[in-house]
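Data block below; observations after.
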Amino acid sequence: MDHSFLIEPGRWTLQGNWMERDRLPTPVKGKILVAWSRDDWFTMVMKLALPDTQPNEMALQYRGRLTSGDCQYTFVLQHSLLGRVEGEGWVAPDSIIQRYWALGDRQRRTGFETLYRLDHDRYHLSSGIMTGHYLTSAMEATLHLQGTSAPGM
């Protein structure tokens with residue numbers, strides 16, 4: 009199965025739910041832009057709107073490069089909640105899995121994401137942020153490639 013997210017440049021929308029410990033799920037919406045440079049580095053910018061939480065916006069800026077025959081990648085990330093972050097990812101036949109860790113963080117925060125390909129234009133995202141050994145927030149959402157018909161958009 010060929011991936012369209014991350015592997016190809018594109019504009020995506022995100023819609024789903026954000027969850028935090030001891031709180032009810034809250035709606036989340038966002039936009040994602042993926043671009044590739046001529047020297048095989050990717051850039052991904054993600055902006056999330058969380059109207060019922062504080063802070064009510066999140067911004068993530070990734071820069072990474074595929075290695076090991078285009079099946080694994082490393083990245084650096086500037087995260088509006090976590091600060092400077094490093095991570096790694098794997099491109100599997102049906103999903104993209106990544107983990108990351110905040111640099112110089114006394115709370116030892118880490119995160120993970122799994123993007124499961126539903127079809128060429130849609131992915132399901134499950135992600136979480138941990139503090140030490142405890143899950144502190146999670147997100148589930150559907151990503152839609154812009155320029156295609158997405159229900160309710």
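Here this note's numbering is used: the first residue of the sequence shown is 9, the next is one more, and so on.
The beta carbon of each residue, even a glycine, is placed where N, CA and C say it ideally should be.
Whole-number beta carbon distance between W20 and H152, since they are thought to touch under 8 Å: 6 Å
Beta strand (DSSP E) runs contained entirely in the region 95-148, provided each spans 3 or more residues: Listed in chain order, the complete beta strand (DSSP E) runs (minimum 3 residues) inside the region 95-148 are 103-110, 117-127, 130-139.
Run of the beta strand (DSSP E) containing I15, from where it starts to where it stops: Run containing I15: none; DSSP gives neither H nor E here.
Every unbroken beta strand (DSSP E) within the region 29-54, with a cutoff of 3 residues, ordered by chain: For the region 29-54, whole beta strand (DSSP E) runs of length 3 or above, ordered along the chain, are 34-44.
Cβ-Cβ distance between G97 and L85 below 8 Å: At least 8 Å separates the beta-carbon of G97 from that of L85.
Rounded straight-line distance, which links the Cα of D30 to that of M52: If I take the Cα positions, the gap works out to 31 Å.
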